[in-house]
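When we follow our numbering, the leftmost residue of the sequence shown carries the number 281, and every step to the right adds one.
Since the structure comes first, as structure tokens, the remarks are kept for the end.
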Amino acid sequence: MALDYVEFTVYSDECDAFGHLNQASFLSLFERARWEMVFRGVGKDLFSASGVWPVVRKTTIEYLGQALPGDRLRFDQLVTGLGNTSFTMQQSATQAATGQPIATVELLFVCVNSAGKPVPVPDTFRQIYAATTQAHPVSVNGVRLAVEDVGNGPAVLFVHGYPLGRYIWRHQVDHLSGWRRISPDLRGLGQSSPGRGPGRLETYTDDLIALLDRLEIPQVVACGLSMGGYVAFDLARRYRNRLNGLILAATRAEPDTPEGKKGREAAIALAGCAGARAIAETMGPKLFAAESIERAPELVASVRDRMAATTVPGIVQALEAMRDRSDSRPLLPDLAGLPTLVISGAADLLMPAEGMRAMAAAIPGSIYHSIEGAGHLVPLERAEETTAVIAAFLGGLSR
Ligand code: MLT
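Here is the structure:
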């Protein structure tokens, strides 16, 4: 498995006379982070087995904040481009506790053989990083979003749930040809950096609008799952002119109940004291249909590992955002005229199918589809069927 991040503590011998992490030490920490991720992830054999070694050709570093002895820094990395003999990588260092940006670096690597001659990037490396190379970083509103932007045609914007990432839309992004598929990691989740301050649902929405502006996309079909559905409702409420269709998967229009808000507080406390893995262990079993747990244990384990790799600030901000979100029920009748597809997992424990059916009934003209054998993570658990349902809906929209 490829690792996306590691954490290190800053030691005083890495700091200058004023007690700040020294600029040269940043470079060695970034390097240590890269090797640590190779050793603990795919393994050093990745390169040595093919007799190919990557060497740094160019480094561009930006220092954004100070780090002091004892600070715990988180290093994230993303392969952002793959050529014949070269590849580019972006790394970022943030304060692990707060998500405050400390530095970013962009590196150009060239693969060489033992004689120092440039040679093609090994196939194993290409395969392992295929998923991440599809993403490129886009800076909006002070954060760096990891974004996949593939295909041509009218655009569909995929919005994932909590505490997940754009990977839940893998099959749909790979297969909905004829459409431009935009799939970002929301701030603080997946491979996107967390912002500062308390979490607000509107912040995610504003990031997405800024992203569409950057990509010069005037209108999209917004497709949101669960928390992504809450964001899609907010897009429909505040940016209706940017939508030409809506897909609501495994979500709900109701706000949190007082009981639900208490649950969010408990989860915030758990994330703060026991970290992302504890959240992943609690959430994991609720996300899948029993059938999926039986049929695809490796999928369940990989989602749990990905959730456990989420930043704590990203988790806390998402919980705050969901806790304080608006009631979208008054919006439902107003969605008349906006083509809407509602998809539920027939065995979803978090967003039961009956609630989804009732929500669809309150949206004039909407189409409702329940997918048998799927739990909460419909697009992953029943990937092909979900893609087919979405393709049929998109096919029926006037372009
Ligand atoms: C999600 O999957 O996004 C969350 O479970 C939604 C929620 O907790 O309300």
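Note that CB positions come from ideal geometry on N, CA and C, so glycine has one too.
Comparing C-alpha distances from Thr591 to each of Gly361, Gly445, Gly468 and Ala626 shows the shortest one belongs to Gly468. Excluding the 5 residues flanking it on each side, Ala512 has same chain C-beta neighbours closer than 8 Å at Val439, Ala502, Cys503, Gly504, Leu526, Ile527, Leu528 and Thr531, in chain order. With contacts defined by Cβ atoms closer than 8 Å, Leu309 and Phe288 form a contacting pair.
For the set Asn521, Ile489 and Gln370, the Cα lying nearest the Cα of Leu387 is the one of Gln370. Counting other Cβ atoms within 10 Å of its Cβ, Phe298 stays below 16 and is therefore classed as exposed.
Counting only residues of its own chain and dropping the five nearest sequence neighbours on each side, Ala588 has a CB closer than 6 Å to the CB of Ala556, Arg557 and Ala560. The three-state secondary structure of Asp628, taken from DSSP, is coil. For Glu342, the uninterrupted beta strand (DSSP E) run begins and ends at Trp333 to Tyr343, by DSSP. Using a Cβ-Cβ distance cut-off of 8 Å, the region 469-477 and the region 538-549 are not in contact, since fewer than three pairs of beta carbons, one from each stretch, lie closer than that value.
Contact annotation: Arg406 and Leu353 have beta-carbon atoms that are not nearer than 8 Å.
Apart from sequence neighbours up to five positions away, the residues of its chain that approach Gly422 with a beta-carbon distance below 7 Å are Gly475, ordered along the chain. Taking a C-beta distance under 8 Å as the contact criterion, Ser457 and Met631 do not qualify as a contact pair. Annotation: Arg424 to Ser646 spans about 35 Å, alpha carbon to alpha carbon.
Put simply, of Leu615, Leu348 and Glu665 the residue whose alpha carbon is nearest the alpha carbon of Ile643 is Leu615. Annotated as proximal: Ser650 and Ala633, with beta-carbon spacing under 8 Å.
In the assembly as shown, Gln303 is an exposed residue. Its beta-carbon has fewer than 16 other beta-carbons within 10 Å. Here Asp356 carries a strand assignment [DSSP, helix/strand/coil].
In this structure, DSSP gives Glu652 a state outside helix and strand, which the three-state scheme calls coil. Ser372 counts as buried, since at least 16 other C-beta atoms from the protein chains shown sit within 10 angstroms of its C-beta. Non-local beta-carbon contacts of Leu579 in its own chain, meaning distances under 6 Å to residues more than five positions away in sequence, are absent. Fully contained in the region 407-464 are the following alpha helix (DSSP H) runs of length 4 or more, in chain order: 410-413 and 450-455.
The beta carbon of Ala547 sits closer than 6 Å to the beta carbons of Leu599 from its chain, once the five residues preceding and following it are set aside; these are given in chain order. As a beta-bridge residue in DSSP terms, Leu528 pairs with Gly504 and Val622.
Under the 10 Å beta carbon count, Tyr447 is surrounded by 16 or more other beta carbons and is classified as buried.
Boundaries of the alpha helix (DSSP H) around Leu579: Pro577 to Ala588. Straight-line spacing of the CA atoms in Leu492 and Trp449 works out to 18 Å. Burial state of Ser292 is exposed, judged by a 10 Å Cβ sphere holding fewer than 16 other Cβ atoms.
Apart from sequence neighbours up to five positions away, no residue of its chain approaches Val583 with a beta-carbon distance below 6 Å. The closest heavy atom of ligand 1 lies less than 7 Å from the beta carbon of Met507. The beta carbons of Thr485 and Arg518 sit about 7 Å from each other, so the pair counts as a contact at 8 Å. In this structure, the alpha-carbon of Ala663 lies about 6 Å from that of His451. In this chain, Ser308 is not harboured by any beta strand (DSSP E); it is covered by the alpha helix (DSSP H) spanning Gln303 to Arg320. Cβ contact annotation for Arg312 (same chain, cutoff 6 Å, sequence separation greater than five): none. Between Leu611 and Pro619, the alpha-carbon positions lie close to 14 Å from each other.
One Cα belongs to Thr365, the other to Val430, and the distance between them is close to 23 Å.
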